[in-house]
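For the sequence shown, the numbering used here begins at 36 and goes up steadily by one.
Don't be surprised by glycine CBs; every beta carbon is placed ideally from N, CA and C.
All figures in this text were calculated on a predicted structure; none of them were measured in a lab.
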Amino acid sequence: MLHETIPALPPIVATLFELEFSEFNFYLTGSRFFGGATISSDWDFITENNNKIENYLISIGFKENINLNYLDPMTEKVYTKYFCGCENNHASECLKIDIQICNDIFTKIKIRDILKNNFTDGIPGDKYDKSRIWGLVYNLILKNY
Ligand SMILES: [Zn+2]
36 MLHETIPALP
46 PIVATLFELE
56 FSEFNFYLTG
66 SRFFGGATIS
76 SDWDFITENN
86 NKIENYLISI
96 GFKENINLNY
106 LDPMTEKVYT
116 KYFCGCENNH
126 ASECLKIDIQ
136 ICNDIFTKIK
146 IRDILKNNFT
156 DGIPGDKYDK
166 SRIWGLVYNL
176 ILKNY
């Protein structure tokens, strides 16, 4: 008979497991997908725009991130969960999971995969540059399909 204590998972790992085994689909993006991530990089996911998903995210501790103004045309809003322990005034290096709520998940994933194939060392630039690159590819796709 085993009497071992199973150590508790770090909270961010527990939340990643929750997302993975939920009934919803979360598609990895950001530096964890494109490359260049470090051990302390945040986690970015894409999901569809659906009230059930938003309610689920709120139920496991995510909050709508209202300070974002660099969104590409497909991203409606972003939910964030922090794992740093700050009360507020988070720094850019605070450990977190961001989940982008997207209106057009199929186009978003298509663009993600086009970018992955074309920027093998990660998408260049800061958040604003990256957002503009997503928007540019979005416009190219709209013109060609
Ligand atoms: Zn923080």
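Give me the DSSP bridge partner(s) of residue i.
i, result
"I81", "Y62 and Q135"
"Y173", "According to DSSP, Y173 bridges with nothing at all."
"V113", "Q135"
Verify whether the separation of the beta carbon atoms of residue i and residue j is less than 9 Å.
i, j, result
"I134", "Y114", "yes"
"E53", "I95", "yes"
"Y117", "L103", "no"
"F59", "N85", "yes"
"G160", "I168", "yes"
"F226", "K162", "Residue 226 is absent from the structure shown; the chain starts at 36 and stops at 180."
Helix, strand or coil: which one does DSSP assign to residue i?
i, result
"T40", "coil"
"E89", "helix"
"E99", "strand"
"N152", "helix"
"D161", "coil"
"A49", "helix"
"E55", "helix"
For residue i and residue j, which I take to be in contact (beta-carbon distance under 8 Å), what is that distance rounded to the nearest angstrom?
i, j, result
"T82", "I88", "6 Å"
"I132", "I47", "7 Å"
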